[in-house]
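Report on one structure; see the data block that follows.
Numbering (this note's numbering), first residue to last: 4 to 327.
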């Protein structure tokens, strides 16, 4: 029997509860994983609320990304074997001690990458890869603005941008997060809970603005992002923690010939080959210590509700995970 965090109805964190689930044996093309870690993302909060684009039928275990060890394989499975350490993403039901999953969704972990690091970093790392190397390709000498710079996603964007030779401006939601953002490579940190960020960006850049904004906040940062960008700059939104973006005014973008992108990882990993190549790049950068994955807190499955409360309340830095 597996112990899984389940929701019976969409709503608040009080709807999360641990249930015993009989998962059975793997079918054709499936494996059973003994799970050792699961990521906790803002997307999990949206899933719990019923507002994420992946909306499970209820009752359902939740959680999108995890890692563990292959315990049993079904017929026809050739890409992994019992004992392999693996990770996966975008597969509902990650908040669990054991699970069945299609073998072709698994990424084998290289030596030196722990399951906990893989659970915390795979989705965020692949997201950072497509944002920095495929959406707007950051180059030496660029100036980039990264929102939520002290979080797990923002931290990777800041570290990688700095590695690529950019000047990094990060925003954070409170003075307690400033040091974490600086540790992630930010040259300048703005606490947007105390003052508007766009005028400070203008001052830092001597009125030039930034080449690109990487925004996971959404509604609350929309207007400031446009003001902070240099002419022909790129406004890349990949999340909406504060609410959905307002309708886009094309003429507001035209005033500085701005480029806008609303992006999602799923369109950049639509083949196994693409996903594997991106994962290799991410794991190489973690392995050579270019990227550091900060797991600031580990929660038991029974504490999943508290993990959601802490994340939504912006009380965490780096990445947080559940440990069965």
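Even for Gly, the Cβ is constructed at its ideal location relative to N, Cα and C.
Beta bridge pairing from DSSP links residue 20 with 9. By the neighbour-count criterion, in which 16 or more other beta carbons inside 10 Å mark a residue as buried, residue 214 falls on the buried side. If you draw a straight line from the Cα of residue 239 to the Cα of residue 28, it comes to about 43 Å.
Pairing residue 157 with residue 317 gives a Cβ-Cβ distance that is not under 8 Å. As a beta-bridge residue in DSSP terms, residue 154 pairs with 321. By the Cβ test, the stretch 280-289 is not in contact with the stretch 297-312, since fewer than three Cβ pairs between them sit closer than 8 Å. Under DSSP, residue 147 shares a beta bridge with 171 and 215. Contact between the stretch 118-137 and the stretch 201-212 is absent: fewer than three C-beta pairs spanning the two stretches fall below 8 Å. Residue state for residue 88 is assigned as strand, using DSSP reduced to three classes.
Contact annotation: residue 93 and residue 53 have beta-carbon atoms that are not nearer than 8 Å. Along the length of the stretch 228-253, whole beta strand (DSSP E) runs at least 3 residues long occupy 232-240, reported in chain order. At a cut-off of 3 residues, the continuous stretches assigned as beta strand (DSSP E) that sit fully inside the stretch 31-63 are 33-42. Bounds of any alpha helix (DSSP H) do not take in residue 180, whose DSSP letter is neither H nor E. For a cut-off of 8 Å, the C-beta gap from residue 150 to residue 219 is around 6 Å, short enough to register as a contact. The shortest CA-to-CA distance from residue 209 to any of 196, 227, 231 and 222 is the one to 231. Residue 194 carries a strand assignment under DSSP once its states are collapsed to helix, strand and coil. Annotation for residue 102: the continuous beta strand (DSSP E) segment containing it runs 101-105.
By the Cβ-count criterion, residue 132 is buried, with 16 or more other Cβ atoms from all chains shown falling within 10 Å of its own Cβ.
Secondary structure of residue 123 (DSSP, three-state): helix. Under the DSSP assignment, residue 289 falls in the alpha helix (DSSP H) whose first and last residues are 275-290. The stretch 67-76 and the stretch 135-152 do not touch, with fewer than three beta-carbon pairs separated by less than 8 Å. CA-CA distance, residue 227 to residue 170, rounds to 19 Å.
Judged by their CB atoms, residue 126 and residue 68 are nearer to each other than the 8 Å cut-off. Assignment of beta-bridge partners to residue 110 by DSSP yields 90. Excluding five sequence positions before and after residue 23, the CB atoms of its chain that fall closer than 6 Å to its own CB belong to 4, given in chain order. Counting the other CB atoms within 10 Å of its CB gives residue 249 a total below 16, which places it among the exposed residues. Counting C-beta pairs with one atom in each stretch, the stretch 44-59 and the stretch 81-88 have fewer than three that are closer than 8 Å, which means they do not touch.
Within its own chain, the residues whose Cβ lies closer than 7 Å to the Cβ of residue 310, once the five positions on either side in sequence are excluded, are 43, 302, 323 and 325, listed in chain order. Taking C-beta atoms as the reference points, residue 184 and residue 161 count as a pair closer than 8 Å. Taking C-alpha positions only, residue 257 is separated from residue 233 by approximately 12 Å. Straight-line spacing of the CA atoms in residue 320 and residue 312 works out to 13 Å. By the CB criterion at 8 Å, residue 99 and residue 327 fall inside the cutoff. Ranked by Cα distance from residue 192, the options 272, 175 and 10 are led by 175. Listed in chain order, the non-local C-beta contacts of residue 32 below 8 Å within the same chain comprise 77, 78, 79, 80, 105, 106 and 107, local neighbours out to five positions each way being set aside. When the alpha-carbon of residue 179 is set against those of 308, 130, 8 and 197, the nearest one is in 197.
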